[in-house]
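Participant: To start, I am sharing the structure in question, which I have written as structure tokens.
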Amino acid sequence: MSSNAAWPPDVVLLHIGINDLNDNLSAGAGDRATALVNRIFADRPGVTVIMQGLLPNTPGWPAQSDMSGEITTYNNKLRQLQASEQQAGNRFSFVEGPALTSAQMNDGLHPNDSGYALMAQNFSTALDQAYTDHWFTGGPASTSWPTPPDTVRLVNRTPDGGLHNAEGDYAAKRWSTWSDLGATGIKEVTSAATGSVNHIFAIGSDNRVYEKDGDYSTGQWSGWFQPENSPTATTITASSGCGQTVHLVIVGTDGHLYNSDGDYAAGHWNGWTDHGGGTWKRLASATTADNVNHIFALDGNNQLQELDANYRTGNWSSWATPASGFTGTDGTAAANGDTVHLGAIGTDGNWYNAEGNFDASTWTN
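Here the sequence shown is numbered in my numbering, starting from 46 and rising by one per residue.
Here it is in structure tokens:
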């Protein structure tokens, strides 16, 4: 499985190993299953993996004398794997396989339709729990192709507070014309994509957050509206997308940093979390493939600071100085895999950039 696949999975369901045991390859079978799980997490950080144990009373094909001991040993290995994977911050769960009767088996290894229905029910229960725990957002199957990977969607705020957008197709080496988004008096703007939909967030003249969505698979745009639980007063804002979720960050007129997450598959936003005060001047945000939202801000001394939210574990870091420290007047951030590309304007008016490889925990200036 490649993390660069056109349709990367949100959830992987596994039920493997019985053929090895049936072929007298039980030695190391649990270790091979563990290696496969770790490979999936390496290729697709943040994915949910649900593994169903082997059916405890599988007779084998041709019928074996007794595989129950080997099956128990294998399943115990996978039960222990759940604790170690979750401790490492991975979304892994083990679900028991049902004990089927001979009437629910098609042969010595494979269930018939009634047996598979019981296995599916066990997977369904585990999927429901993973969804409840916000391990994945889910949603209906997409009927459109993925957004072209070499396309940039750019939103421009004009001096009079109007908004225009354009799309740059870097594969075809062309840009679209600018389109008027029908807004006036806009103070700040940011955008983030979920699949084919680009979500534009703007701060109006009344210091409230407004949203306008463009679905590039259908060519349809929404009108302007206020997101659910939208704050009443904001000054600066930044956003980034991960899957079907947008992470939105604002600074209120009280100087505090707030964040909220919009789950577009479920159709709702969670509440706003207050992360304390500070004389923040500018914000930037990028979410890496491991589902960590990296928030960058310039403080009252124009010093660049970073705050990380790990959505796999639910933990937030403390504010820290990234990239060996930087003093500037504005900045932007974008993520590719586990790397954040950070750009900023220095106090000397020059443009600077740095790359943060969060897999290797290094910055390159």
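Glycine residues also receive a C-beta, built at the ideal position from the N, C-alpha and C atoms.
Go ahead and pull the three-state DSSP assignment for Ala-186.
Facilitator: Translated into the one-based positions of the sequence shown, residue 186 becomes position 141. Confidence at Ala-186 is low in this model, with a pLDDT of 42, below 50, so its placement is unreliable and no value can be given for it.
Participant: Over the uninterrupted beta strand (DSSP E) stretch that includes Asn-243, give me the two end residues.
Facilitator: Start at 1 with the first residue of the sequence shown, and residue 243 comes out as number 198. Its beta strand (DSSP E) spans residues 242 to 248.
Participant: Buried or exposed for Gly-373, going by 16 or more other Cβ atoms inside 10 Å?
Facilitator: For the purposes of this step, residue 373 is identified with residue 328 of the sequence shown, where counting begins at 1. Classification of Gly-373: buried, given that the 10 Å Cβ count is 16 or more.
Participant: Let's test the definition: count the other Cβ atoms within 10 Å of the Cβ of Phe-270 and tell me whether it reaches 16, buried, or not, exposed.
Facilitator: Stepping through the sequence shown from its first residue, residue 270 is reached at position 225. Under this definition Phe-270 is an exposed residue.
Participant: Could you name the residues of the same chain whose beta carbon sits closer than 7 Å to that of Leu-99, not counting the 5 residues immediately before and after it, in chain order?
Facilitator: Mapped onto the sequence shown, residue 99 falls at position 54. Non-local beta-carbon contacts of Leu-99 in its own chain, meaning distances under 7 Å to residues more than five positions away in sequence, involve Gly-62, Ile-63, Ile-116, Tyr-119, Asn-120 and Gly-142 in chain order.
Participant: Is Asp-383 helix, strand or coil when you go by DSSP?
Facilitator: Here residue 383 refers to the residue found at position 338 of the sequence shown. Here Asp-383 sits in coil by DSSP.
Participant: Near Ala-238, what residues of its chain come up, given a Cβ to Cβ distance below 6 Å and the 5 sequence neighbours on each side ignored?
Facilitator: Translated into the one-based positions of the sequence shown, residue 238 becomes position 193. Excluding positions up to five away in sequence, the list reads Gly-286.
Participant: What would DSSP say about Gln-97, mapped onto helix, strand or coil?
Facilitator: Taking the sequence shown and counting its residues from 1, one reaches residue 97 at position 52. Strand.
Participant: Using 10 angstroms around the beta-carbon of Pro-185, count the other beta-carbons present and answer buried if the total reaches 16, otherwise exposed.
Facilitator: The count along the sequence shown starts at 1 and reaches residue 185 at position 140. Reliability fails at Pro-185, whose pLDDT of 45 lies under 50, so the model's placement of it is uncertain and the value that follows must be treated cautiously. Exposed: under 16 other Cβ atoms inside 10 Å.
Participant: Here's a check: name, in chain order, each residue in its chain whose Cβ is nearer than 6 Å to the Cβ of Asp-136, leaving out the five neighbours to either side.
Facilitator: The residue labelled residue 136 in the question sits at position 91 within the sequence shown. First, the amino acid is wrong: residue 136 is Arg here, not Asp. Excluding positions up to five away in sequence, the list reads Thr-93 and Trp-180.
Participant: By DSSP's criteria, Val-140 is part of a beta bridge. Which residues make up the other side?
Facilitator: Taking the first residue of the sequence shown as 1, we reach residue 140 at position 95. Val-140 is bridged to Gln-97.
Participant: May I have the straight-line CA-CA distance separating Asn-243 from His-301, to the nearest angstrom?
Facilitator: Along the sequence shown, one-based indexing puts residue 243 at 198. Along the sequence shown, one-based indexing puts residue 301 at 256. Approximately 27 Å between the Cα atoms of the pair.
Participant: Pairs of beta-carbons, one from the stretch 292 to 300 and one from the stretch 263 to 279, closer than 8 Å: are there three or more?
Facilitator: yes
Participant: Quick check on His-339: buried or exposed, where buried means 16 or more other Cβ atoms within 10 Å of its Cβ?
Facilitator: Looking up residue 339 in the sequence shown gives position 294. Buried.
Participant: Applying the criterion that 16 or more other CB atoms from any shown protein chain within 10 Å of the CB defines a buried residue, is Lys-257 buried or exposed?
Facilitator: Counting from 1 along the sequence shown, the entry for residue 257 is found at position 212. Around the Cβ of Lys-257, a 10 Å sphere holds 16 or more other Cβ atoms; the residue is buried.
Participant: Below 8 Å, can you find three or more Cβ-Cβ pairs linking the stretch 248 to 255 to the stretch 215 to 223?
Facilitator: no
Participant: Give a yes or no on whether the C-beta atoms belonging to Asp-88 and Gly-288 are separated by under 8 Å.
Facilitator: As a first step, residue 88 is located in the sequence shown; it is residue number 43 there, counting from the start. As a first step, residue 288 is located in the sequence shown; it is residue number 243 there, counting from the start. The answer is no: Cβ separation not under 8 Å.
Participant: Of all the options Ser-138, Ser-147 and Val-140, which has the alpha carbon lying nearest to the alpha carbon of Gly-105?
Facilitator: Here residue 105 refers to the residue found at position 60 when the sequence shown is read from its first residue. Ranking the options by Cα distance to Gly-105, first place goes to Ser-147.
Participant: If you draw a straight line from the alpha carbon of Asp-393 to that of Gly-376, how long is it in whole angstroms?
Facilitator: Mapped onto the sequence shown, residue 393 falls at position 348. Mapped onto the sequence shown, residue 376 falls at position 331. Roughly 14 Å separates the two Cα atoms.
Participant: Could you pull the DSSP bridge partners for Ser-129 from this structure?
Facilitator: As a working note, residue 129 is residue 84 in the sequence shown. Ser-129 pairs with nothing; no bridge assigned.
Participant: Are any of the Cβ atoms in chain D nearer than 8 Å to that of Thr-118?
Facilitator: As a matter of chain content, chain D is missing from the structure shown, which is built from one protein chain.
Participant: Report the rounded CA-to-CA distance for Tyr-255 versus Leu-126, giving the unit in angstroms.
Facilitator: Along the sequence shown, read from residue 1 onward, the residue named residue 255 stands at position 210. Along the sequence shown, read from residue 1 onward, the residue named residue 126 stands at position 81. If you take the alpha carbons of Tyr-255 and Leu-126, they lie about 45 Å apart.
Participant: May I ask you to report which of helix, strand or coil DSSP gives Thr-118?
Facilitator: Against the sequence shown, residue 118 aligns to sequence position 73. Helix, per DSSP.
Participant: I need the DSSP call for Gln-149, collapsed to helix, strand or coil.
Facilitator: Here residue 149 refers to the residue found at position 104 of the sequence shown. Of the three classes helix, strand and coil, the one that applies to Gln-149 here is helix, per DSSP.
Participant: Grab me the residues of Ala-283's own chain with a C-beta within less than 6 Å of its C-beta, minus the 5 sequence neighbours each way, in chain order.
Facilitator: The residue given as residue 283 occupies position 238 in the sequence shown. So the qualifying residues of the chain are Thr-235, Val-294, Leu-328, Ala-329 and Ser-330.
Participant: Excluding five sequence neighbours on each side, which residues of the same chain lie with their C-beta closer than 6 Å to the C-beta of Thr-333?
Facilitator: For the purposes of this step, residue 333 is taken as residue 288 along the sequence shown, with counting starting at 1. If we look at Thr-333 and ignore the five residues flanking it on each side, its Cβ neighbours are Ala-380, Asp-383 and Phe-403.
Participant: Using a Cβ-Cβ cutoff of less than 8 Å, which residues in the same chain neighbour Met-112 once the five nearest sequence positions on both sides are dropped?
Facilitator: One-based indexing of the sequence shown puts residue 112 at position 67. Leu-66, Asn-67, Thr-103, Pro-104 and Gly-105.
Participant: Could you say which of Met-164, Asp-225 and Ile-231 lies nearest to Gly-259 if we only look at CA atoms?
Facilitator: Numbered from its first residue, the sequence shown carries residue 259 at position 214. Comparing Cα-Cα distances from Gly-259 to each of Met-164, Asp-225 and Ile-231, the minimum goes to Asp-225.
Participant: What are the partner residues of His-339, as DSSP defines its beta bridges?
Facilitator: Walking along the sequence shown from the start, residue 339 turns up at place 294. According to DSSP, His-339 bridges with Ala-331 and Asp-353.
Participant: Based on Cα-Cα distance, which residue from Asp-306, Gly-268 and His-320 lies nearest to Asp-299?
Facilitator: Against the sequence shown, residue 299 aligns to sequence position 254. Among Asp-306, Gly-268 and His-320, the Cα nearest to that of Asp-299 belongs to His-320.
Participant: Between which two residues does the alpha helix (DSSP H) harbouring Ala-405 extend?
Facilitator: The count along the sequence shown starts at 1 and reaches residue 405 at position 360. Looking at the DSSP string, Ala-405 is not in any alpha helix (DSSP H), and its letter there is neither H nor E.
Participant: So Gly-307 and Trp-314 are supposed to be a Cβ contact under 8 Å. How far apart are they, rounded?
Facilitator: In the sequence shown, counting from the first residue as 1, residue 307 sits at position 262. In the sequence shown, counting from the first residue as 1, residue 314 sits at position 269. The pair is a contact, with the Cβ atoms about 5 Å apart (cut-off 8 Å).
Participant: So, Pro-90 versus Asn-336, is the Cβ gap smaller than 8 Å?
Facilitator: Locating residue 90 in the sequence shown gives position 45, counting from the first residue. Locating residue 336 in the sequence shown gives position 291, counting from the first residue. Yes, they are a contact pair.
Participant: Given that a residue counts as buried once 16 or more other Cβ atoms are within 10 Å of its Cβ, and exposed if not, what is Thr-290?
Facilitator: Residue 290 sits at position 245 when you count from the first residue of the sequence shown. Buried.
Participant: With DSSP as the reference, please indicate the residues paired to Arg-198 in a beta bridge.
Facilitator: Numbered from its first residue, the sequence shown carries residue 198 at position 153. Glu-212, per the DSSP bridge assignment.
Participant: Just to confirm, are Ala-368 and Ala-342 a CB contact at a threshold of 8 Å?
Facilitator: Locating residue 368 in the sequence shown gives position 323, counting from the first residue. Locating residue 342 in the sequence shown gives position 297, counting from the first residue. It is not a contact, given that the beta carbons lie outside the stated cut-off.
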